[in-house]
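Student: The sequence shown begins at 204 in this note's numbering and counts up one residue at a time.
Dropping the structure in here first, questions after.
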Amino acid sequence: MGDATTTEQSTGDLADFPTRWHTGLALVAHPDDPEYGMSAAVARWVGEGKRIVYALASSGEKGIAGMDPDEAGPLREQEQREAASIVGVDEVEFWGFPDSDIANSEALRARITETIMAVDPDVIISLFGGDHWAPGAPNQRDHIEFAAAVVDAYDALLPRAHQRRLFENGPNASHAVEVGDEVEVAVRSLAAHRRYLEVLDPDTPVDEQARAQIEKVTAPREDFGGRRAVAFTLVRDGDTDPDH
204 MGDATTTEQS
214 TGDLADFPTR
224 WHTGLALVAH
234 PDDPEYGMSA
244 AVARWVGEGK
254 RIVYALASSG
264 EKGIAGMDPD
274 EAGPLREQEQ
284 REAASIVGVD
294 EVEFWGFPDS
304 DIANSEALRA
314 RITETIMAVD
324 PDVIISLFGG
334 DHWAPGAPNQ
344 RDHIEFAAAV
354 VDAYDALLPR
364 AHQRRLFENG
374 PNASHAVEVG
384 DEVEVAVRSL
394 AAHRRYLEVL
404 DPDTPVDEQA
414 RAQIEKVTAP
424 REDFGGRRAV
434 AFTLVRDGDT
444 DPDH
């Protein structure tokens, strides 16, 4: 396992995301979760030679209105694999937990633990687990439950997880990844969820939906020297001693 530490240069209020690591594990609840928030950062990491693995609790089978879950699940898995491939991720797994009914259960925590041990990541990226993204913008119950399960599973792994830092992708950020050309790649990656987005907002072209979302989550940040960036919150620091 590589060294997850780096000399972090703070530009404004946010620190640069660690760079001295090799394998990252993105743990999310549904298809499209990586693309809505972190895909531009993932594209940069893959471009730097890092290995990124996606693990999804569900197949998002209830996410397309008017489509039978038995049809929607495989379709959303296919769209997720395509979206991942656009940013260079070719390791994607689906765990089969029920969409819209994800709970911080023993079974989910066990699967998270199993995946962390199998992938052996230096860095873990999870979903924002707070109640609200902002005033009037509540978080999804599935995301809240899933994020809590990740933290609980991580804590139960200690002290064996000492070199693994755990981040969430959301507000109240502590770190950021500067992005540039990766923004266009991230737009194409989100747009790969074409059928989902067509149904989500039939009045807005898919590419416009994707661009609006990616522009929002990669906007220049005053707390990061005015640079375009994807922001993350350090949830568990692990053992960051560079001599380990």
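Note that the Cβ used here is the ideal one computed from N, Cα and C, for glycine as well.
Look up Phe370 in the DSSP assignment and give the residues it is bridged to.
Tutor: Ile328 and Leu437
Student: Could you work out which residue in Asp410, His378, Ala389 and Ser392 is closest to Phe427 when comparing CA atoms only?
Tutor: His378
Student: Whole angstroms is fine: what's the gap from Asn375's alpha carbon to Ile417's?
Tutor: 18 Å
Student: Closer than 7 Å by C-beta to His335: which residues in its own chain qualify, once you throw out the five before and the five after it? Chain order, please.
Tutor: Pro341 and Asn342
Student: With a cut-off of 8 Å on the beta carbons, I'd call Ile289 and Arg391 a contact; round off their distance for me.
Tutor: 5 Å
Student: Could you give the distance in angstroms between the alpha-carbon of Val249 and the alpha-carbon of Val388?
Tutor: 12 Å
Student: Where do the N-terminal and C-terminal ends of the alpha helix (DSSP H) with Asp219 fall, by residue?
Tutor: Counting along the chain, Asp219 falls outside any alpha helix (DSSP H), though it belongs to the beta strand (DSSP E) covering Leu217 to Asp219.
Student: Please classify Gln212: is it buried, with 16 or more other beta-carbons within 10 angstroms of its beta-carbon, or exposed?
Tutor: Model confidence at Gln212 stands at a pLDDT of 42, short of 50, so the residue's coordinates are unreliable and nothing is read from them.
Student: On a CA-only basis, which of Glu381, Gly252 and Asp404 is nearest Gly291? Give me that one, please.
Tutor: Gly252
Student: Can you tell me where the alpha helix (DSSP H) holding Phe349 begins and where it ends?
Tutor: Arg344 to Leu360
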